[in-house]
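Asks: Could you have a look at this structure, given as structure tokens, before my questions?
In this note's numbering, the protein residues as written are 95 to 237.
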């Protein structure tokens, strides 16, 4: 199991992971646009030579924001999300971030449990935050 910086060659696989795992997947074009930003960071986790998960977000000055976390279905509940989250938090802390934020769907108990296990705390509810009308929960962690 290896966590490494995502590269442009990974974009198609990341887009497929987005479609398989997330309700509001980013396209290859959206991913390319994000990858072009200087404050954007993305990591992939490989197992047996295949990308099994990824995380991405931004870090600017003291604030980091986790935008996406996805793990393939057959590798969930194996700690891969935690490994990705830990690696991303370490990366942005090294870049100068002192706190990290994220939003999660209120009904995504598994993700909320993961974030709470890494000492993220609820900040506020964001009503009808997602396109389908589901509420979001904003969470924060001091680094």
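We put the beta carbon where it would ideally sit given N, CA and C, even for glycine.
With respect to the alpha helix (DSSP H) encompassing residue 203, which residues constitute its N-terminal and C-terminal limits?
Replies: For the purposes of this step, residue 203 is taken as the residue at position 109 of the chain shown. Per DSSP, residue 203 belongs to the alpha helix (DSSP H) from 203-211.
Asks: Between the Cα of residue 145 and those of 136, 232 and 108, spot the shortest distance and give me the residue it belongs to.
Replies: Here residue 145 refers to the residue found at position 51 when the chain shown is read from its first residue. Of the candidates 136, 232 and 108, the one whose C-alpha sits nearest the C-alpha of residue 145 is 108.
Asks: For the beta strand (DSSP E) containing residue 217, list its first residue and its last residue.
Replies: The residue you call residue 217 lines up with position 123 of the chain shown. Residue 217 -> beta strand (DSSP E) spans 215-220.
Asks: Does the distance from the C-beta atom of residue 100 to that of residue 136 stay below 8 angstroms?
Replies: Residue 100 sits at position 6 when you count from the first residue of the chain shown. Residue 136 sits at position 42 when you count from the first residue of the chain shown. For residue 100 and residue 136, yes; Cβs fall inside 8 angstroms.
Asks: Is the CB-CB distance between residue 212 and residue 179 below 8 angstroms?
Replies: Mapped onto the chain shown, residue 212 falls at position 118. Mapped onto the chain shown, residue 179 falls at position 85. Closer than 8 angstroms, so yes.
Asks: Hey, which unbroken runs of the alpha helix (DSSP H) at 4 residues or more fall wholly within the region 137-212?
Replies: For the region 137-212, whole alpha helix (DSSP H) runs of length 4 or above, ordered along the chain, are 174-188 and 203-211.
Asks: Alpha helix (DSSP H) containing residue 114: first to last residue?
Replies: Counting from 1 along the chain shown, the entry for residue 114 is found at position 20. Counting along the chain, the alpha helix (DSSP H) containing residue 114 begins and ends at 105-115.
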